[in-house]
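**Q**
Numbering (the working numbering), first residue to last: 61 to 127.
This is how it looks when you write it as structure tokens:
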């Protein structure tokens, strides 16, 4: 998750990615989905504690592999 300067008042500036996307994938609007912060926190509650971090914040979530 990366926080950049918001372009619109209703934009939080946060972007959430899997981490394996290349530029071509990201530049194709069909691969982008706009969600509210509430929707993201519902899908991944652990991000809630980071939502108020400053512009320029970049965080990586590591999920342990299951055996």
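Even for Gly, the Cβ is constructed at its ideal location relative to N, Cα and C.
DSSP three-state call for residue 98: helix, strand or coil?
**A** Within the chain shown, the letter at position 38 stands for residue 98. Of the three classes helix, strand and coil, the one that applies to residue 98 here is helix, per DSSP.
**Q** In its own chain, which residues sit with a C-beta less than 8 Å from the C-beta of residue 94, not counting the 5 before and 5 after it?
**A** As a first step, residue 94 is located in the chain shown; it is residue number 34 there, counting from the start. Answer for residue 94: no residue qualifies.
**Q** What residue range does the alpha helix (DSSP H) around residue 85 cover?
**A** The sequence position of residue 85 within the chain shown is 25, counting from 1. 83 to 87 is the span of the alpha helix (DSSP H), which, as asked, contains residue 85.
**Q** Assuming residue 66 and residue 72 are in contact, meaning their beta carbons sit under 8 Å apart, how far apart are those beta carbons, in whole angstroms?
**A** One-based indexing of the chain shown puts residue 66 at position 6. One-based indexing of the chain shown puts residue 72 at position 12. So it is a contact: roughly 6 Å between Cβ atoms.
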